[in-house]
Ligand SMILES: [Zn+2]
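Numbering (this note's numbering), first residue to last: 363 to 611.
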């Protein structure tokens with residue numbers, strides 16, 4: 363079943379395709395999707411994969427929570443169809459992951475960490491704070507020796523992602539917290555401007571994570587040493603620079 367959700371101020375039509383029995387969950391999960399698309403377009407730059415977009419519910423089976431960024435009609439697992447975060451995250455890949463692609467599997471964090479950060483940015487003005495959940499996800503990866511890895515390993519396509527420990531929540535969360543800490547340093551709106559110029563310069567090309575770090579260093583020259591330190595902590599070392607101290611399930 364298809365449902366028109368709305369139109370952004372740039373004229374992008376946002377839709378939802380859901381499966382029988384999912385209407386209530388799917389509609390509540392996508393309640394924030396049109397404003398999120400609008401936020402991405404106005405904040406980071408024009409959407410580049412057409413003027414009709416939307417979430418398509420797919421049955422991946424039990425325990426398969428998440429989505430897949432097939433733009434302009436990205437997939438959302440049936441089990442995640444009620445999650446505003448997953449819809450916003452997959453939409454955000456229109457800018458990072460698809461708009462700007464990753465050059466190597468080792469750059470997975472450029473796609474997933476940035477999409478996670480962008481989802482939090484888009485949902486925050488709509489009254490949804492993803493950071494407490496992200497903090498618990500970070501706590502889980504940092505506290506488990508079997509999961510924790512560096513977020514941005516050395517090399518280019520020396521790994522096969524599906525068979526590598528990097529296929530985990532590490533790039534999502536360490537990448538998001540990398541950007542969050544840069545935002546705390548330079549201001550979230552200013553960081554958005556810099557992410558926007560990176561997107562506009564690199565759209566349609568493949569980039570490496572260090573290209574983004576370098577872009578941020580040159581956008582904020584007086585903070586370049588601090589940005590280096592933040593990048594080293596979150597991206598290039600295994601130990602987590604800080605682990606939130608809060609009660610998580
Ligand atoms: Zn993703």
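No residue lacks a Cβ here, since even glycine has one placed at the ideal position from N, Cα and C.
Could you give the uninterrupted runs of the alpha helix (DSSP H) lying entirely in the stretch 415 to 474, keeping only those of 4 residues or more?
Unbroken alpha helix (DSSP H) stretches of 4 residues or longer found wholly inside the stretch 415 to 474: 446 to 454, given in chain order.
Ligand 1 heavy atoms versus the CB of residue 481: any closer than 6 angstroms?
On the chain shown, position 119 is the one that residue 481 refers to. No, Cβ of residue 481 sits at least 6 angstroms from all heavy atoms of ligand 1.
Residue 491 versus residue 485 - alpha carbon distance:
Working through the chain shown from its first residue, we reach residue 491 at position 129. Working through the chain shown from its first residue, we reach residue 485 at position 123. Those two C-alpha atoms are separated by around 7 angstroms.
With residue 403 and residue 374 assumed to form a contact (beta carbons below 8 angstroms), what rounded beta-carbon distance in angstroms separates them?
Position 41 of the chain shown holds residue 403. Position 12 of the chain shown holds residue 374. Indeed, because the Cβ distance is near 7 angstroms, the residues count as touching under 8 angstroms.
Who are the near neighbours of residue 533 in its chain, counting only those whose CB is closer than 6 angstroms to its CB and skipping five residues on each side?
Here the question's residue 533 lines up with position 171 in the chain shown. Closer than 6 angstroms at Cβ, skipping near neighbours: 470, 471, 474, 475 and 513.
Rounding to the nearest angstrom, what Cα-Cα distance links residue 586 and residue 384 in this structure?
In the chain shown, the residue the question calls residue 586 occupies position 224. In the chain shown, the residue the question calls residue 384 occupies position 22. For residue 586 and residue 384, the distance between alpha carbons rounds to 48 angstroms.
If you count every other CB in all the chains shown that lies within 10 Å of the CB of residue 510, and 16 or more means buried, which is it?
Here residue 510 is taken as the residue at index 148 of the chain shown, counted from 1. Buried, since its Cβ has 16 or more Cβ neighbours within 10 Å.
From the DSSP output, read off the bridge partner residues of residue 568.
What you label residue 568 is simply residue 206 of the chain shown in a count that begins at 1. In the DSSP output, where bridge partners are listed per residue, residue 568 has 463.
With burial defined as no fewer than 16 other Cβ atoms inside 10 Å of the residue's Cβ, what is the status of residue 414: buried or exposed?
In the chain shown, the residue the question calls residue 414 occupies position 52. Residue 414 counts as exposed, since fewer than 16 other C-beta atoms from the protein chains shown sit within 10 angstroms of its C-beta.
Does the separation of the CB atoms of residue 488 and residue 408 fall below 7 angstroms?
Counting from one through the chain shown, the residue named residue 488 turns up at place 126. Counting from one through the chain shown, the residue named residue 408 turns up at place 46. No, Cβ-Cβ distance for residue 488 and residue 408 is not below 7 angstroms.
Do residue 315 and residue 367 have their C-beta atoms within less than 7 angstroms of each other?
The first residue shown for the chain is 363 and the last is 611, placing residue 315 beyond what the model contains.
Under 6 angstroms Cβ to Cβ from residue 579, same chain only, skipping five residues before and after it: list those, please.
Residue numbering aside, residue 579 sits at position 217 when the chain shown is read from its first letter. Counting only Cβ-Cβ distances below 6 angstroms, and skipping sequence neighbours, we find 586 and 589.
How would you label residue 392, buried or exposed, when you count the other beta carbons within 10 angstroms and need 16 or more for buried?
Translated into positions along the chain shown, residue 392 becomes position 30. So residue 392 ends up on the buried side.
By the three-class DSSP mapping on this structure, what secondary structure does residue 375 have?
As a working mapping, residue 375 is identified with position 13 in the chain shown. Three-state DSSP puts residue 375 in a strand.
Output yes or no for whether 7 angstroms exceeds the beta carbon distance between residue 565 and residue 461.
Counting from one through the chain shown, the residue named residue 565 turns up at place 203. Counting from one through the chain shown, the residue named residue 461 turns up at place 99. Contact: yes.
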